[in-house]
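Working notes for the structure below.
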Amino acid sequence: MAHRTVKQESGLLELHLDFAFFGEDGEPGNTIPVLVARERTTRMTMASAVASKSTGTFIVRRVVAFMRAVGCEHGDVLRNADQESAITALLTEVGRVRAADGGRKFITESSPVGSSSSNGIVERAIRSVEQQTRMLKICLEERWSCKIPARHPIMPWLIEYAFVLLNRFEV
Numbered sequence: 029m030a031h032r033t034v035k036q037e038s039g040l041l042e043l044h045l046d047f048a049f050f051g052e053d054g055e056p057g058n059t060i061p062v063l064v065a066r067e068r069t070t071r072m073t074m075a076s077a078v079a080s081k082s083t084g085t086f087i088v089r090r091v092v093a094f095m096r097a098v099g100c101e102h103g104d105v106l107r108n109a110d111q112e113s114a115i116t117a118l119l120t121e122v123g124r125v126r127a128a129d130g131g132r133k134f135i136t137e138s139s140p141v142g143s144s145s146s147n148g149i150v151e152r153a154i155r156s157v158e159q160q161t162r163m164l165k166i167c168l169e170e171r172w173s174c175k176i177p178a179r180h181p182i183m184p185w186l187i188e189y190a191f192v193l194l195n196r197f198e199v
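Its first residue numbered 29, the sequence shown is counted upward by one per residue in the working numbering.
Structure representation (structure tokens):
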């Protein structure tokens, strides 16, 4: 898989993260939490379904792998997220793992509480991944001739595949 990377000489890379819930409207309990990240310069996106909004080792390793893919594993990174405790804990753990691997500065910039528009980069990424996932899900439902709930085992794969398609083909 070819990745667009940015040379570290160009300065600080910006990593924007937020949680979203994918699922059908009007179906309580039928949503799946998804962590979405977007690097501002390359516009590369990562989305990964998680069991809950927590700092499990899977999601920490997933974010670090995404940082490696966009070329900001060891350079200086500005991390931008809201002040939600789950995101703060996740970013703290990512910073710890990254520092243990030789990463440089990991600067935190938090958006104001309740202001999703100030983190518009990741909000747009969430919308794109959600739309792409919905399109893939609808196509699969038509092919299988059945309804696929948000908690179906195929959904984490669809979410991951949606961001791969966006990274490769989004204009």
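All C-beta atoms in this analysis are idealised placements derived from N, C-alpha and C, irrespective of residue type, glycine included.
Item                                                                                                : Value
Beta-carbon proximity check, Arg68 vs Ile149, cutoff 8 Å                                            : yes
Per-residue burial, Gly130 [other beta carbons within 10 Å of its own, 16 or more giving buried]    : exposed
Met230 - partner residues in DSSP beta bridges                                                      : Past the edges of the chain, shown from 29 to 199, lies residue 230, and the structure says nothing about it.
Cβ-Cβ distance between Ile176 and Leu164 below 8 Å                                                  : no
8 Å contact criterion, which Asn58 and Ala190 should meet: CB distance rounded                      : Not really, about 18 Å apart at Cβ, beyond 8 Å.
Neighbourhood of Val34 by C-beta, 7 Å cutoff - its chain only, sequence neighbours within 5 removed : Residue confidence is low: Val34 scores 41 on pLDDT, short of 50, so the model does not pin down where it sits. No coordinate-derived value is stated.
Endpoints, the alpha helix (DSSP H) within which Val125 is located                                  : Ser113 to Ala128
Top-ranked residue by Cα proximity to Thr73, from Pro61, Ala79 and Phe94                            : Phe94
Sub-8 Å separation of Ile154 and Val92 beta-carbons                                                 : no
Continuous alpha helix (DSSP H) stretch holding Ser156: start and end                               : Gly148 to Trp172
Beta-carbon proximity of Glu158 to Phe50, cut-off 8 Å                                               : yes
Three-state class that DSSP yields for Ile176 in the structure shown                                : coil
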